[in-house]
Ligand SMILES: *[C@@H]1O[C@H](CO)[C@@H](O)[C@H](O)[C@H]1NC(C)=O
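Residue numbers (mature numbering (1 follows the signal peptide of the UniProt record, and there is no 0)): -24 to -1, 1 to 280.
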């Protein structure tokens, strides 16, 4: 399914998490950030990558003809694809602590392929992981299990699509609890486990290989991942750097490395936090009024 950028503009708020794992050649459907990273970063990224060595021969697979909406993505490495994501994807509604206008299924239907979400322990049951924004008293979007079931249902219905989850672990919950929640939702049948830990940038499989293997969900956690215990929940900052978040500059002029601090871009994919906030008396909230330009494919402040 091809991303529909004009639809995105209207339906999603200014909270698009824009992801561009490596600098890619502007191609059909390939979205590039408006501001390119400094040339030193792009140089180190592009020179650090060699041609990916597929771990599975394409000829032995039932080859997908379309991968994430494009035939040419089938032979591209996961680490060489730009995915458009949504920040705080489950927090849907008009309130200041909410970030999106449409629910997760509608986001996926519109072309979002990277869902970020915050997790916390439920205030009612400490054994349950809940999707809450900072605090479950402020915003509680239901259980992580229900969210994973929703994503699983979408993957079931869309067999040629790869989706990535980026979860945060604000309460330092044990990784086994995440593993248990993934298992109970059934979505662990789709989770991708790298052949090495960590997997180097050049060793990621192609989208075609991932689709053929059925392992179409890539999962990252910001803190507390331990692949010796749950092998498919990957440590975000081993694989990525992020640009600053909470941006209030509508031109998104900075692409500097924010996290991990002092990280090198070499060997990492990257996350561009292309969601715009507005400062209301010291509190940053989504800049809904600018969503049309922030989420646009082209123009000032867009994801171009
Ligand atoms: C990324 O994909 C583009 C387009 O297919 C290709 O030209 C480029 O060589 C790829 N880069 C890497 C590092 O594989």
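No residue lacks a Cβ here, since even glycine has one placed at the ideal position from N, Cα and C. This one's a predicted model, so the numbers in the text were calculated from it and none came from an experiment.
Between residue 152 and residue 205, the CB-CB gap stays under 8 Å.
Secondary structure of residue 273 (DSSP, three-state): coil.
For residue 247, the uninterrupted beta strand (DSSP E) segment begins and ends at 245 to 248.
Just so you know, the alpha carbons of residue 190 and residue 62 end up roughly 24 Å apart. Counting along the chain, the unbroken alpha helix (DSSP H) around residue 215 starts and ends at 212 to 215. Counting every other CB atom within 10 Å of its CB across the protein chains shown gives residue 207 a total below 16, marking it as exposed.
Annotation for residue 52 indicates a beta carbon within 7 Å of some heavy atom of ligand 1.
Counting C-beta pairs closer than 8 Å gives three or more between the region 239 to 254 and the region 212 to 228, which meets the contact rule.
In the DSSP assignment, residue 239 falls outside any beta strand (DSSP E) and carries neither an H nor an E.
Using a Cβ distance threshold of 8 Å, residue 141 and residue 196 count as a contacting pair. When distances are taken from the beta-carbon of residue 56 to the heavy atoms of ligand 1, the shortest one is below 7 Å. Between residue 60 and residue 91, the beta carbon gap of about 11 Å keeps them out of contact (Cβ cut-off 8 Å). Around the Cβ of residue 199, a 10 Å sphere holds fewer than 16 other Cβ atoms; the residue is exposed. Of the residues assessed, residue 121 falls on the buried side of the cut-off, its CB having 16 or more other CB atoms within 10 angstroms. A residue is called buried once 16 or more other Cβ atoms fall within 10 Å of its Cβ, and residue 271 is buried on that count.
DSSP places residue 164 within a helical segment (H, G or I) once states are collapsed to three. In this structure the region 64 to 71 touches the region 109 to 116; the number of beta carbon pairs closer than 8 Å is three or more. Apart from sequence neighbours up to five positions away, the residues of its chain that approach residue 263 with a beta-carbon distance below 8 Å are -11, 224, 226, 252, 253, 254, 270, ordered along the chain. Every alpha helix (DSSP H) of 4 residues or more that sits fully in the region 188 to 227 is shown, in chain order, as 212 to 215. The straight-line gap separating the alpha-carbon atoms of residue 43 and residue 89 is approximately 12 Å. Under the 10 Å beta carbon count, residue 256 is surrounded by fewer than 16 other beta carbons and is classified as exposed.
Measuring C-alpha to C-alpha distances from residue 101 to each of 245, 201, 119 identifies 119 as the nearest.
Counting along the chain, no alpha helix (DSSP H) covers residue 140; the unbroken beta strand (DSSP E) around it starts and ends at 139 to 145. Residue pairing of residue 92 in beta bridges, as defined by DSSP: 142. Assigned with DSSP and collapsed to three states, residue 172 falls in coil, not helix or strand. The beta carbon of residue 261 sits closer than 7 Å to the beta carbons of 72, 253, 254 from its chain, once the five residues preceding and following it are set aside; these are given in chain order. Comparing C-alpha distances from residue 164 to each of 236, 194, 222, 247 shows the shortest one belongs to 194. With contacts defined as CB atoms closer than 8 Å, residue 136 and residue 40 qualify as a contacting pair.
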